[in-house]
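Chemist:
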Amino acid sequence: MDVDMIIRIGFFIKDLHRDIQRLHSEQFHGQQSNKTFTVYRGQGLSKEDFTEMTKTKGGLLSFNNFLSTSRNRNVPLVFAQQAATNPDLVGILFVISINPKDSTTPFASVSSVSYFHTEDEVLFSMHTIFRIGDIKPIDGNNHLYKVNLTLTNDNDQDL
């Protein structure tokens, strides 16, 4: 990639991060509720990465990109099922629990600005960290798994 392109992408990434922070502040500012909610992400992982993740149950997982999730389980489940048809991948449905009061991690509902309004999308900023919970096959399928994640608390001693 040339330097010009890297600079342009850097500005875009910075803008997107700021937009997520702004939306997060608007959507959750002053909210004292301990109300936890769930979002979902479906994707494929290589068998090697999946094996490594199973060895770190209870540990931390960070996504090094912006993370698109949905409050609607059906769309991400389709992505996970599609990935599971590839013999080199394991389909993963991440089930992510979020308590907005526990974390200052920037994330926001972007449904109002998204092209895909029906997906009820929640977007996390880069390098968001989650704790890995239970990992179980879906419907006994050894190529399709549900992985429970919890958004880390700002006071998490492992951070």
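All the letters of the sequence shown, read from the start, carry residue numbers 1 to 159 under UniProt numbering.
C-beta: ideal position from N, C-alpha, C; glycine also.
In this text the structure is predicted, and so the values were computed from the model without any measurement.
Examine the ligand SAH and report whether any of its heavy atoms sits within less than 7 Å of the Cβ of S114.
Modeler: No copy of the ligand SAH appears in this structure; indeed no ligand is present at all.
Chemist: Name the residue from Q82, P100 and I9 whose alpha carbon lies nearest to the alpha carbon of Q27.
Modeler: For the residues Q82, P100 and I9, the minimum Cα distance to Q27 belongs to P100.
Chemist: Does the separation of the CB atoms of L89 and L61 fall below 8 Å?
Modeler: no
Chemist: I'd like the span of the alpha helix (DSSP H) that includes G10, first residue to last.
Modeler: V3 to F28
Chemist: Would you mind working out which of V39, R18 and K146 sits nearest V122, comparing C-alpha positions?
Modeler: Of the candidates V39, R18 and K146, the residue whose Cα lies closest to the Cα of V122 is V39.
Chemist: Taking Q81 and L144 to be in contact with their CB atoms under 8 Å, please state how far apart those CB atoms are, rounded to whole angstroms.
Modeler: 6 Å
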